[in-house]
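Novice: Residues in the sequence shown are numbered consecutively from 527, following our numbering.
What follows is a single structure, and I will ask about it in a moment.
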Amino acid sequence: EEQDAWHGRPRGDQPNVWTLRLAGGVLVQAPTVVSPGEAETLRVAWLPEDTVLLRADARLVALKEDEDASDDVVRLQPPECIFFSVDAFNRLGDLPEVPKLVDEEEFLRMGGRPESK
């Protein structure tokens with residue numbers, strides 16, 4: 527389903543998403559700002575082989591104030607994981623019309639125009 531295909535949306539599902547793509551096919555999506563007491567989403571997708579996609583999706587609550595703290599001291603509770611999911615998908619074939627990253631030489635060979643500088 528489209529909603530579950532977050533690994534295909536590099537900017538995430540909301541504006542508060544910081545995205546990092548690492549070598550080796552790793553995608554990390556984390557909140558840009560962690561709001562006190564709000565559930566935030568942390569996601570990691572990894573393509574260790576060309577045929578398998580591994581994903582982890584967690585929702586965390588952090589920066590909740592401890593109610594036992596005194597007036598002059600601020601104490602925070604440890605972060606709490608309220609949801610965690612891991613799944614693996616096997617690739618069954620190429621998706622139609624999905625753009626592929628190519629180097630400049632291959633781009634020009636396929637009829638691309640050189641970038642003007």
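Positions of the beta carbon are idealized from the N, C-alpha and C atoms, including for glycine.
1. Any idea which residues DSSP pairs A531 with across the strands?
2. To the nearest angstrom, report how far apart V552 and D592 are at their CA atoms.
3. Can you give the Cα-Cα distance for D597 and D576, rounded to whole angstroms?
4. Return helix, strand or coil for L634, following the three-state DSSP convention.
5. Just how far apart, CA to CA, sit L589 and G638?
Specialist: A quick look at the data gives this:
1. None; A531 has no bridge partner.
2. 35 Å
3. 56 Å
4. helix
5. 50 Å
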